[in-house]
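Trainee: Quick mapping for you: the protein sequence lines, in order, are chains Y and X. Reminder that position 320 of the first sequence reads as 320 in this note's numbering, one-by-one numbering, no gaps. Take any residue in the second sequence, note its place counting from 1, add 338, and you have its number in this note's numbering. For every residue, glycine included, the Cβ atom is placed at its ideal position computed from N, Cα and C. Fair warning: this is a prediction, and the values are worked out from it, not measured in the lab. To start, I am sharing the structure in question, which I have written as structure tokens.
2 protein chains.
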Amino acid sequence: MTDNRVTLRDVARQAGVSHQTVSRVINGSDKVRPATKAHVEAVIAELDYRPNAMARSMARGRSGILACIAPNLTDYTFASIIEGAQSAAREHDYFLLSASAHDEAQFSKLVDQLVNTRRTEGIIVINPYVNERYRHLPDDVPVVFAGARPREDSTTSVALDDVVVAREATEHLLSLGHRTIGMVTGPMEEDCCQDRHLGYCQALQAATLPVDDELIIEGDWSPESGYSGLCTLLAKENRLTALFMQNDSMAVGALRAARDLDLRVPEDLSVISVDDIPYSSFFTPPLTTFRQDFEFIGAEATRLLAEAIENPTDERTHLLISAELVLRRSTDAPPATV
Amino acid sequence: MTDNRVTLRDVARQAGVSHQTVSRVINGSDKVRPATKAHVEAVIAELDYRPNAMARSMARGRSGILACIAPNLTDYTFASIIEGAQSAAREHDYFLLSASAHDEAQFSKLVDQLVNTRRTEGIIVINPYVNERYRHLPDDVPVVFAGARPREDSTTSVALDDVVVAREATEHLLSLGHRTIGMVTGPMEEDCCQDRHLGYCQALQAATLPVDDELIIEGDWSPESGYSGLCTLLAKENRLTALFMQNDSMAVGALRAARDLDLRVPEDLSVISVDDIPYSSFFTPPLTTFRQDFEFIGAEATRLLAEAIENPTDERTHLLISAELVLRRSTDAPPATV
DNA sequence: TTTCAAAATGTGACCGGTAACATTATAGCG
DNA sequence: CGCTATAATGTTACCGGTCACATTTTGAAA
Numbered sequence: 001m002t003d004n005r006v007t008l009r010d011v012a013r014q015a016g017v018s019h020q021t022v023s024r025v026i027n028g029s030d031k032v033r034p035a036t037k038a039h040v041e042a043v044i045a046e047l048d049y050r051p052n053a054m055a056r057s058m059a060r061g062r063s064g065i066l067a068c069i070a071p072n073l074t075d076y077t078f079a080s081i082i083e084g085a086q087s088a089a090r091e092h093d094y095f096l097l098s099a100s101a102h103d104e105a106q107f108s109k110l111v112d113q114l115v116n117t118r119r120t121e122g123i124i125v126i127n128p129y130v131n132e133r134y135r136h137l138p139d140d141v142p143v144v145f146a147g148a149r150p151r152e153d154s155t156t157s158v159a160l161d162d163v164v165v166a167r168e169a170t171e172h173l174l175s176l177g178h179r180t181i182g183m184v185t186g187p188m189e190e191d192c193c194q195d196r197h198l199g200y201c202q203a204l205q206a207a208t209l210p211v212d213d214e215l216i217i218e219g220d221w222s223p224e225s226g227y228s229g230l231c232t233l234l235a236k237e238n239r240l241t242a243l244f245m246q247n248d249s250m251a252v253g254a255l256r257a258a259r260d261l262d263l264r265v266p267e268d269l270s271v272i273s274v275d276d277i278p279y280s281s282f283f284t285p286p287l288t289t290f291r292q293d294f295e296f297i298g299a300e301a302t303r304l305l306a307e308a309i310e311n312p313t314d315e316r317t318h319l320l321i322s323a324e325l326v327l328r329r330s331t332d333a334p335p336a337t338v
Numbered sequence: 339m340t341d342n343r344v345t346l347r348d349v350a351r352q353a354g355v356s357h358q359t360v361s362r363v364i365n366g367s368d369k370v371r372p373a374t375k376a377h378v379e380a381v382i383a384e385l386d387y388r389p390n391a392m393a394r395s396m397a398r399g400r401s402g403i404l405a406c407i408a409p410n411l412t413d414y415t416f417a418s419i420i421e422g423a424q425s426a427a428r429e430h431d432y433f434l435l436s437a438s439a440h441d442e443a444q445f446s447k448l449v450d451q452l453v454n455t456r457r458t459e460g461i462i463v464i465n466p467y468v469n470e471r472y473r474h475l476p477d478d479v480p481v482v483f484a485g486a487r488p489r490e491d492s493t494t495s496v497a498l499d500d501v502v503v504a505r506e507a508t509e510h511l512l513s514l515g516h517r518t519i520g521m522v523t524g525p526m527e528e529d530c531c532q533d534r535h536l537g538y539c540q541a542l543q544a545a546t547l548p549v550d551d552e553l554i555i556e557g558d559w560s561p562e563s564g565y566s567g568l569c570t571l572l573a574k575e576n577r578l579t580a581l582f583m584q585n586d587s588m589a590v591g592a593l594r595a596a597r598d599l600d601l602r603v604p605e606d607l608s609v610i611s612v613d614d615i616p617y618s619s620f621f622t623p624p625l626t627t628f629r630q631d632f633e634f635i636g637a638e639a640t641r642l643l644a645e646a647i648e649n650p651t652d653e654r655t656h657l658l659i660s661a662e663l664v665l666r667r668s669t670d671a672p673p674a675t676v
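Following this line, the structure appears as structure tokens:
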């Protein structure tokens, strides 16, 4: 508890050199004579000296801290992105502060604190279009969107290639022989939902099938909305044999609805979705889904952020990540008679 | 991007007072004449001045940063604790750095960086007894365990009251009429598993039933271990009518095993567990379980940590949190004939 | 009024590093 | 062997706050 921390000047004194020489050594610097360097390093080891990050930040004017803001930290998809971002940050010699903001006001306050007070050097934003968050982005610090592409190319981003994934999911159902394929989307204010919508339409059109708006329901990512989504669809269209759910969570709700309605999955109804959340192989039936590599998305976001910090430019990169089909039990050919 | 940040001395100059007076004002200080204070505040607002946290940290010798270390950030139980800890930290004027360490070496390196370099003021440790982490705890900074009680009273902690919860779970099964109740534990190196084991035994003994070691299997928290746990149990004891799983994850595995073995839950076999993870009401059948308030645990951990920082003492608090039974569909009376 | 303690404000140093520049040591060369 | 270019090291100021103490106001009692 006694704060007898060794400082750079203590090392200098003990080594009989100037503090600047020690500074050079700890920064793996340019021109220090090998002998001096070795000597200083020995003293550093002897005194167990660690440079003080705060002082260094102060002097350099760089905090060495990145931040990641999500609506919450508990959602598996967010948490995985943060996990990836966080470990990548350490590899890039940063620390990552992760914080959750429930609403627009909290978000804006958080950004202000992070940027103006804590002097965070860059920010990763998950879900930037939820409750108008994007309006409160800082303009004096680099920002990267993780898991969402920006409107208008204004922000660097790393996201799933939603169009392609949705197309592939729909094609998978088509290839099994389905012709009446419903979809439950996430909140359409989020661009990824629009992209997945687009991919779904593209696949249908490529198969010269009409896009029927009656077969498309807007959900909110929750299992409950998946449940009610399927109920609504079936009330409108009883020839439905397959369902593309825009995420696993809603798919889980649809699975439950199907069971409650005495529909067997996959015999009567096929269900496919996107994410591959932890228990997706433990639902009944195990879910066929496209696995997103969230940690990779997070790690790439950090990488792009670090690049933007050390080499500011007007260029904005947009990385699209692909997803891998995980075939389980929730999809099959449509029933023979329909 | 232009770093024309306003400093405390800029404010002082503009307000025609000394820098120290501004410092007093921003610290909501003791003795500043109301008129002066108002004037300085006006200038602060006018210039949009924000104190620089790094400089403040430097001068005060306090970083204003807490850290939380978990095996990973994606596990729901860990993530929820972190969520609670993080928002509580902000309320206490700290920021929380959350970091994951997969193994002992990473953990020890992380602690060293956090404490010696970043000057983190306190650390919350989740799962301190996994791969010997507790051996690498810092001794010059307060530590709080979240979700685990310490051995030997040496560390402040906030954790579920495992003994009581396990007893109540077992009692619930007993009250439904079950007499042959199996248990799958988590890794027995973790104290909470031993405590849940104890609670289970207490309940049986209170009902004057013998504790049969054949009915107890050690798992590793994973659904797979729950699956194999149930299989092993049934191979040994076919009169089994109920199962206490030490967490939901393993319970989910057991549910799957039961289905594969053509056992109906709850008609043939009742299953109860602990946690209430996000989709526990969406498994088949919906899981009866004890809900842990993880965010509360995290928030309390932060509170205790903040207290320990501002008022160092040799006293160690140990908070025990209770869990709430969530009755769903996986438990019922045992089959009539057995 | 004068006097003096208390309240309000100002001054200079300091936290522990880094940046920029000054100085000294080393070595290559005529 | 002296001279200079360059490498190595040292000096001083500074980052933006806070701390401890000095100084100036203020106002209530004498």
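List the DSSP bridge partners of C68 (chain Y).
Mentor: Here residue 68 (chain Y) refers to the residue found at position 68 of the first sequence. Paired residue(s): Y:S98 and Y:I124.
Trainee: Could you tell me which residues DSSP pairs with H656 (chain X) in its beta bridges?
Mentor: Within the second sequence, residue 656 (chain X) is the residue found at index 318, counting from 1. In DSSP, H656 (chain X) forms a bridge with X:S495.
Trainee: Based on Cα-Cα distance, which residue from X:E527, X:N576, X:C530 and X:R517 lies nearest to V549 (chain X)?
Mentor: Reading the second sequence from its first residue, position 211 is the one you call residue 549 (chain X). Of the listed residues, the one whose Cα sits closest to V549 (chain X) is X:R517.
Trainee: Is the segment 119 to 126 of chain Y close to the segment 65 to 78 of chain Y, with three or more CB pairs under 8 Å?
Mentor: At 8 Å Cβ cutoff, the stretches touch.
Trainee: What are the boundary residues of the alpha helix (DSSP H) that includes E640 (chain X)?
Mentor: Along the second sequence, one-based indexing puts residue 640 (chain X) at 302. Note on residue identity: the sequence assigns Thr, not Glu, to residue 640 (chain X). Element bounds for T640 (chain X): F632 to E648.
Trainee: Taking DSSP as the reference, what is the three-state secondary structure of S330 (chain Y)?
Mentor: Within the first sequence, numbered from 1, the residue matching residue 330 (chain Y) stands at position 330. It is coil, neither helix nor strand.
Trainee: Below 9 Å between beta carbons: does that hold for Y432 (chain X) and A644 (chain X)?
Mentor: Taking the first residue of the second sequence as position 1, residue 432 (chain X) is located at position 94. Taking the first residue of the second sequence as position 1, residue 644 (chain X) is located at position 306. Cβ atoms of Y432 (chain X) and A644 (chain X): closer than 9 Å.
Trainee: Applying a beta-carbon distance threshold of less than 7 Å, which residues of chain Y neighbour A437 (chain X)?
Mentor: For the purposes of this step, residue 437 (chain X) is identified with residue 99 of the second sequence, where counting begins at 1. Residues of chain Y passing the Cβ test: Q86.
Trainee: Do the CB positions of I659 (chain X) and D529 (chain X) come within less than 9 Å of each other?
Mentor: The residue given as residue 659 (chain X) occupies position 321 in the second sequence. The residue given as residue 529 (chain X) occupies position 191 in the second sequence. Against a cut-off of 9 Å, the Cβ pair of D529 (chain X) and I659 (chain X) comes out as no contact.
Trainee: Just grab the DSSP bridge partners of R291 (chain Y) for me.
Mentor: As a position in the first sequence, residue 291 (chain Y) is number 291, starting the count at 1. Answer is Y:D275 and Y:E324, bridged to R291 (chain Y).
Trainee: Could you tell me the alpha carbon to alpha carbon distance between L599 (chain X) and E552 (chain X), rounded to whole angstroms?
Mentor: Here residue 599 (chain X) corresponds to residue number 261 of the second sequence, with the count starting at 1. Here residue 552 (chain X) corresponds to residue number 214 of the second sequence, with the count starting at 1. Using only the alpha carbons, I get a separation of about 20 Å.
Trainee: Quick check on E218 (chain Y): does DSSP put it in helix, strand or coil?
Mentor: In the first sequence, counting from the first residue as 1, residue 218 (chain Y) sits at position 218. Correct three-state label for E218 (chain Y): strand.
Trainee: At a Cβ threshold of 9 Å, is N454 (chain X) touching chain Y?
Mentor: Taking the second sequence and counting its residues from 1, the one referred to as residue 454 (chain X) is at position 116. So yes, N454 (chain X) belongs to the interface.
Trainee: Of all the residues that make up the segment 282 to 294 of chain Y, which are near chain X by a beta-carbon distance shorter than 8 Å?
Mentor: Going along the segment 282 to 294 of chain Y in chain order, one finds F282, F283 and T284 with a Cβ nearer than 8 Å to chain X.
Trainee: Tell me where the beta strand (DSSP E) around F244 (chain Y) begins and ends.
Mentor: Working through the first sequence from its first residue, we reach residue 244 (chain Y) at position 244. Residues A242 to M245.
Trainee: Write down the C-beta distance between A698 (chain X) and A426 (chain X) rounded to the nearest angstrom, noting that I regard them as a contact closer than 8 Å.
Mentor: Summary: the structure shown does not reach residue 698 (chain X), with chain X confined to residues 339 through 676, and so no result is reported for it.
Trainee: For E324 (chain Y), I'd like the list of residues in its chain whose CB is within less than 7 Å of its CB, leaving aside the five on either flank, ordered along the chain.
Mentor: What you label residue 324 (chain Y) is simply residue 324 of the first sequence in a count that begins at 1. So the list reads F290 and R291, once near-sequence residues are dropped.
Trainee: Would you please verify whether the beta carbon of R471 (chain X) is less than 9 Å from any beta carbon of chain Y?
Mentor: Position 133 of the second sequence holds residue 471 (chain X). False, the Cβ-Cβ gap to chain Y never drops below 9 Å.
Trainee: What do you reckon, are the CB atoms on V502 (chain X) and T494 (chain X) nearer than 9 Å?
Mentor: Here residue 502 (chain X) corresponds to residue number 164 of the second sequence, with the count starting at 1. Here residue 494 (chain X) corresponds to residue number 156 of the second sequence, with the count starting at 1. For V502 (chain X) and T494 (chain X), no; Cβs fall outside 9 Å.
Trainee: At what residues does the beta strand (DSSP E) containing G182 (chain Y) begin and finish?
Mentor: On the first sequence, residue 182 (chain Y) is found 182 positions in, with the first residue counted as 1. I181 to T185 is the extent of the beta strand (DSSP E) around G182 (chain Y).
Trainee: Is there a Cβ of chain Y sitting closer than 9 Å to that of F634 (chain X), yes or no?
Mentor: Sequence index remark: in the second sequence, residue 634 (chain X) carries index 296 (1-based). Judged by the 9 Å Cβ criterion, F634 (chain X) is not in contact with chain Y.
Trainee: Between the C-alpha atoms of T2 (chain Y) and Q424 (chain X), what's the straight-line distance to the nearest angstrom?
Mentor: Translated into the one-based positions of the first sequence, residue 2 (chain Y) becomes position 2. Translated into the one-based positions of the second sequence, residue 424 (chain X) becomes position 86. Only weak support is given to the placement of T2 (chain Y): the predicted model assigns it a pLDDT of 45, under 50, and the question is left unresolved by the model.
Trainee: Checking contacts by CB at 9 Å: is P673 (chain X) closer than that to chain Y?
Mentor: Counting from 1 along the second sequence, the entry for residue 673 (chain X) is found at position 335. Closer than 9 Å: no.
Trainee: Whose C-alpha, out of Y:A35, Y:T288, Y:D220 and Y:A207, is nearest the C-alpha of L243 (chain Y)?
Mentor: Locating residue 243 (chain Y) in the first sequence gives position 243, counting from the first residue. Looking at the Cα atoms, Y:T288 is the closest of the given residues.
Trainee: From the beta carbon of L96 (chain Y), is the nearest beta carbon of chain X less than 9 Å away?
Mentor: Here residue 96 (chain Y) is taken as the residue at index 96 of the first sequence, counted from 1. Chain X contact via Cβ: present.
Trainee: Can you tell which of X:T374, X:H440, X:P561 and X:T622 has its C-alpha closest to the C-alpha of V295 (chain X)?
Mentor: Nothing can be reported for residue 295 (chain X), as the shown portion of chain X is limited to 339 through 676.
Trainee: Measuring alpha carbon to alpha carbon, tell me which of Y:S249, Y:R239 and Y:R13 ends up nearest S228 (chain Y).
Mentor: Indexing the first sequence from 1 puts residue 228 (chain Y) at position 228. That would be Y:S249, whose Cα lies nearest to the Cα of S228 (chain Y).
Trainee: Taking 9 Å as the CB-CB limit, is T570 (chain X) close to chain Y?
Mentor: Your numbering for residue 570 (chain X) matches position 232 in the second sequence. Judged by the 9 Å Cβ criterion, T570 (chain X) is not in contact with chain Y.
Trainee: Counting only C-beta atoms, is T74 (chain Y) closer than 9 Å to chain X at any point?
Mentor: Within the first sequence, the letter at position 74 stands for residue 74 (chain Y). Yes, T74 (chain Y) counts as interfacial toward chain X.
Trainee: Look up F621 (chain X) in the DSSP assignment and say whether it is helix, strand or coil.
Mentor: What you label residue 621 (chain X) is simply residue 283 of the second sequence in a count that begins at 1. Of the three classes helix, strand and coil, the one that applies to F621 (chain X) here is coil, per DSSP.
Trainee: Where F345 (chain Y) and A38 (chain Y) are concerned, what is the direct C-alpha to C-alpha distance, given to the nearest angstrom?
Mentor: The requested residue 345 (chain Y) does not occur in the structure, where chain Y is confined to residues 1 to 338.
Trainee: Do A537 (chain X) and A504 (chain X) have their C-beta atoms closer together than 9 Å?
Mentor: Residue mapping note: residue 537 (chain X) aligns to position 199 of the second sequence, counting from 1. Residue mapping note: residue 504 (chain X) aligns to position 166 of the second sequence, counting from 1. Residue identity check: residue 537 (chain X) is Gly in the sequence provided, not Ala. Cβ distance < 9 Å, so G537 (chain X) and A504 (chain X) count as in contact.
Trainee: Nearest to D294 (chain X) by alpha carbon, out of X:T455, X:M526, X:Y414 and X:R347?
Mentor: The question about residue 294 (chain X) has no answer, for chain X in this structure spans 339 to 676.
Trainee: Going along chain X, which residues have a C-beta under 9 Å from I82 (chain Y)?
Mentor: Here the question's residue 82 (chain Y) lines up with position 82 in the first sequence. Those are L411, T412, A417 and S436, listed as they occur along chain X.
Trainee: Using CA coordinates, which residue listed in X:R667, X:R666, X:A639 and X:V664 is at the minimum distance from R654 (chain X)?
Mentor: Locating residue 654 (chain X) in the second sequence gives position 316, counting from the first residue. Nearest C-alpha to R654 (chain X): X:A639.
Trainee: Assign S270 (chain Y) to one of three DSSP states: helix, strand, or coil.
Mentor: Here residue 270 (chain Y) refers to the residue found at position 270 of the first sequence. It is a strand residue.
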